[in-house]
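In my numbering, the protein residues as written are 505 to 741.
Written out as structure tokens, the structure reads:
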């Protein structure tokens, strides 16, 4: 009997280890899907207060979400439409001004009274400039590189669309999902689990909105400061 019990336990332990390994392997294989799902849930938590206000104004949940999506996409693409031409112009001007910038930096290094600093700075600047010239004069992008870049761009676009779809369905079906998950808890713990769920979602949404607002404020303030001090290529910076 002990021998049989030991063999049984050994088999169970082996199966448990194999199950854990299989689960880990599966998670690794679908890690990109899990990442998109998590981002979609976080994004949904961030925009849900806006959706809630639109629903109070008389819109249905799906309509409110689509209004938020349309507004965000309009702001993003409108900003790109206004900024991309200026960015291209400034990067072109920066590319043309880089040789002169290297010459001025090298002259400042040569004017230094410190021999070590003069030699080190001059040698470092030459290396940086040679690397820049080599990269700039590199052959044109090959077909494989172009296909890779196009594939990456399509992948990014697909990820964004998937994120929006996940967020949409999460917000429309969250009540059902929450009810199913909470039903797994004992009845006496469901109220507490519900409170914890709402608290986590509230904090994640607030943190995400705060980070987005902070990034916008820093970007706008930096751009205005660069422009005010008449810094060259302020938008590219």
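Even for Gly, the Cβ is constructed at its ideal location relative to N, Cα and C.
Per DSSP, reduced to three states, the secondary structure at residue 687 is coil, with no helix or strand assignment.
In the structure shown, residue 732 falls within a helical segment according to DSSP collapsed to helix, strand and coil.
When the Cα atoms are used, residue 522 and residue 533 turn out to be separated by approximately 16 Å. DSSP places residue 562 in the coil class of the three-state scheme, outside both helix and strand. The C-alpha of residue 708 is placed about 21 Å away from the C-alpha of residue 536. Only residues of its own chain outside the window of five on either side were considered, and among them 550 have a CB closer than 6 Å to the CB of residue 713, listed in chain order.
Going by C-alpha positions, residue 609 is about 16 Å away from residue 620. Counting other Cβ atoms within 10 Å of its Cβ, residue 572 reaches 16 or more and is therefore classed as buried.
Note on the segment 570-613: there is no whole alpha helix (DSSP H) run with a minimum of 4 residues.
In this structure, the beta-carbon distance from residue 719 to residue 565 does not fall below 8 Å. Excluding the 5 residues flanking it on each side, residue 691 has no same chain C-beta neighbour closer than 6 Å. For residue 626, the uninterrupted alpha helix (DSSP H) run begins and ends at 619-640, by DSSP. Residue 666 is positioned such that its CB atom lies closer than 8 Å to that of residue 540.
Around the beta carbon of residue 552, a 10 Å sphere encloses 16 or more other beta carbons of the protein chains shown; the residue is thus reported as buried. A straight-line Cα-Cα distance of about 44 Å links residue 613 and residue 581. Assignment of residue 536 by DSSP, reduced to helix, strand and coil, places it in the helix class. It is roughly 24 Å from the alpha-carbon of residue 557 to the alpha-carbon of residue 542. In summary, residue 669 is exposed, with fewer than 16 beta-carbon neighbours lying within 10 Å of its beta-carbon over all protein chains present.
Assigned with DSSP and collapsed to three states, residue 702 falls in helix. A Cβ-Cβ distance of about 7 Å is found for the pair residue 682 and residue 701, placing them in contact under the 8 Å criterion. DSSP places residue 616 outside both helix and strand once states are collapsed to three, so it counts as coil. Around the beta carbon of residue 562, fewer than 16 other beta carbons sit within 10 angstroms, so the residue counts as exposed. Taking a contact as a CB-CB distance under 8 Å, the pair residue 636 and residue 602 counts as one, their CB atoms being some 7 Å apart.
The alpha-carbon of residue 664 is positioned some 45 Å away from that of residue 515.
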